[in-house]
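Asks: Quick one: the structure is below, questions incoming.
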Amino acid sequence: DQQVKQNSPSLSVQEGRISILNCDYTNSMFDYFLWYKKYPAEGPTFLISISSIKDKNEDGRFTVFLNKSAKHLSLHIVPSQPGDSAVYFCAASGTGGFKTIFGAGTRLFVKA
Amino acid sequence: GAGVSQSPSNKVTEKGKDVELRCDPISGHTALYWYRQSLGQGLEFLIYFQGNSAPDKSGLPSDRFSAERTGGSVSTLTIQRTQQEDSAVYLCASTLSLFSNQPQHFGDGTRLSIL
Chain R
1 DQQVKQNSPS
11 LSVQEGRISI
21 LNCDYTNSMF
31 DYFLWYKKYP
41 AEGPTFLISI
51 SSIKDKNEDG
61 RFTVFLNKSA
71 KHLSLHIVPS
81 QPGDSAVYFC
91 AASGTGGFKT
101 IFGAGTRLFV
111 KA
Chain D
1001 GAGVSQSPSN
1011 KVTEKGKDVE
1021 LRCDPISGHT
1031 ALYWYRQSLG
1041 QGLEFLIYFQ
1051 GNSAPDKSGL
1061 PSDRFSAERT
1071 GGSVSTLTIQ
1081 RTQQEDSAVY
1091 LCASTLSLFS
1101 NQPQHFGDGT
1111 RLSIL
C-alpha cells in the first residue's frame, strides 16, 4: 500500500522554465511534508518542507504547495537550472515524525 | 566529519555470506533511521532507533536482517545469509530528536551487490 505516490517517474524541462513535481498521499494523519533531492551516488538532501497548517512555503526558486482536501502537494522550481537535474523524493510524516514515508521519486532533467 | 558517515561505500559479496553495514550519525543526533533503495525504487523504511532502542522492527524484510545501536551513536545493520534480492543501496539518516518534525540528514549509502 503506497501511502505516498509520485506518479511521474521522470520529467524533462527546458532551462529557465518552470518545473512542477507532483505528489499524492492517502493517509490523512500525515501533517508534515518534505521534498528531498538526490544526485547519483549521494544520499538525499533536504530541500524544502511544509506543515499541514500551511498551504504554501517558499524558499528562493523553490515553492511547495499543499492541498489538504485533495491530499496533494507539488514542488515548483522557477526558473529551472541544469544543476537541478536530479531525483526528487516527496516524503510525509505523522505527528511525532518518527516514521517518514517516501515516494518512489521523480527524475528531473533540465535541458540547457 | 560533520555529516552522516556510512561504511563501506560499496560491498560485493557472494550469496549466503553475512554482511555488516555501519552508520555513524551526526554527533548529538539521538534518532537514527535505516532505509533501503532497490534499483528503480523509492526509499523503503527498515528501522529506526531512538537512542539505543528500536521500538519498531516491522520494516525489516526478514529475520535475516538485524540492527543494533550502542552508546547512542554508531549503528550496524547486519544481513545474514545474503540473497540476491538483498542487492540495493542501504541508506542511513539521523535527526536531532525523534519527536519533532525535522528533515533527516542522510549518508551517501552503502551499495550492496550480492553475486
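Going line by line, the protein sequences match chains R and D. Quick note on my numbering: the first sequence kicks off at 1 and runs consecutively. Quick note on my numbering: the second sequence kicks off at 1001 and runs consecutively. Note that beta-carbon positions come from the ideal geometry of N, C-alpha and C, so glycine has one too. None of these values were measured; they are calculated from a predicted model.
Do R:F30 and R:S93 have their C-beta atoms closer together than 9 angstroms?
Replies: Going by C-beta atoms, R:F30 is nearer than 9 angstroms to R:S93.
Asks: Chain R beta carbons: is any one of them nearer than 9 angstroms to that of D:F1045?
Replies: Answer yes: the Cβ-Cβ gap between D:F1045 and chain R drops below 9 angstroms somewhere.
Asks: Closest Cβ-Cβ distance between D:F1156 and chain R: below 9 angstroms?
Replies: Lying before the first or after the last residue shown, residue 1156 of chain D is absent from chain D, which here runs from 1001 to 1115.
Asks: Could you run through the segment 14-36 of chain R and flag, in chain order, every residue whose CB is less than 7 angstroms away from some CB of chain D?
Replies: Within the segment 14-36 of chain R, the qualifying residues are Y32, L34.
Asks: Just to confirm before moving on: does the CB-CB distance between D:S1075 and D:F1049 stay below 9 angstroms?
Replies: Yes, the pair counts as a contact, with Cβ atoms nearer than the cut-off.
Asks: Which residue's Cα is closest to the Cα of D:D1024: D:S1005, D:S1094, D:R1036?
Replies: The shortest C-alpha separation from D:D1024 is found at D:S1005.
Asks: Name the two residues that bound the continuous beta strand (DSSP E) containing D:R1036.
Replies: 1031-1037 is the span of the beta strand (DSSP E), which, as asked, contains D:R1036.
Asks: Helix, strand or coil for R:E15, going by three-state DSSP, please let me know.
Replies: Three-state result, R:E15: coil.
Asks: Thinking just about the alpha-carbon of each residue, which of R:K71, R:G60, R:Q81 is nearest to the one in R:S51?
Replies: For R:S51, the nearest C-alpha among the options comes from R:K71.
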